[in-house]
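In terms of the numbering used here, the sequence shown opens at residue 21 and continues consecutively. Below is one structure, written out as structure tokens, with a few remarks after it.
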Amino acid sequence: MPKTTKSGQPKQSELPSTLRRSPKKAQATFTNAYDAAADQYHDEERAHRVAFAAVKHTHEKVGDHWEAKERSGPSDPQAEGGANTSRETAGGVDANASKSHLLDVARRLDVSGRSKMNKADLVTAIQKANEKATRRSR
């Protein structure tokens, strides 16, 4: 089922909840990638994975929504490897961002102990805070 209207706008009813709370650019990235993948693969599950992969290249998950990344590109080792790799994923957190950026995101999410964390610990803590914020928003 297409996730865009005839005029090319994202259908709000077809968007995952985290994307409904996100900027129009993230919504458009998801819906356009989904529709193209659905046409190409004729498989809704695969189209969904492709669409979220496209969003993760341009946006990062912060709390219960997606925000534009400073630089587009893969956000974690799994995204770098493609579909046939089984590496650890960061669940939408931009694991390739600088430590100072991750500290800023952790500060905005009120992650305790963030100043003593290394980069890997920050990614894990942000991922947990994102999951908690998303659960609260549903």
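Glycine included, C-beta positions come from ideal geometry on N, C-alpha and C.
For the 8 Å CB-CB criterion, Ser95 and Glu108 do not form a contact. Take Ala46, set aside five residues on each side of it, and the residues of its chain with a beta-carbon closer than 7 Å to its own are Leu39, Val75, His79 and Trp86, in chain order. Between the segment 130-148 and the segment 104-120, the count of Cβ pairs shorter than 8 Å is three or higher; the stretches touch.
In the three-state DSSP reduction, Glu80 falls in the strand class (E or B). Taking the CA atoms as reference points, Phe72 sits about 30 Å from Ser135.
Rounded to the nearest whole angstrom, the C-alpha separation of His62 and Asp124 is 40 Å.
About 20 Å separates the beta carbons of Val70 and Ala88, which is beyond the 8 Å limit, so they are not a contact pair.
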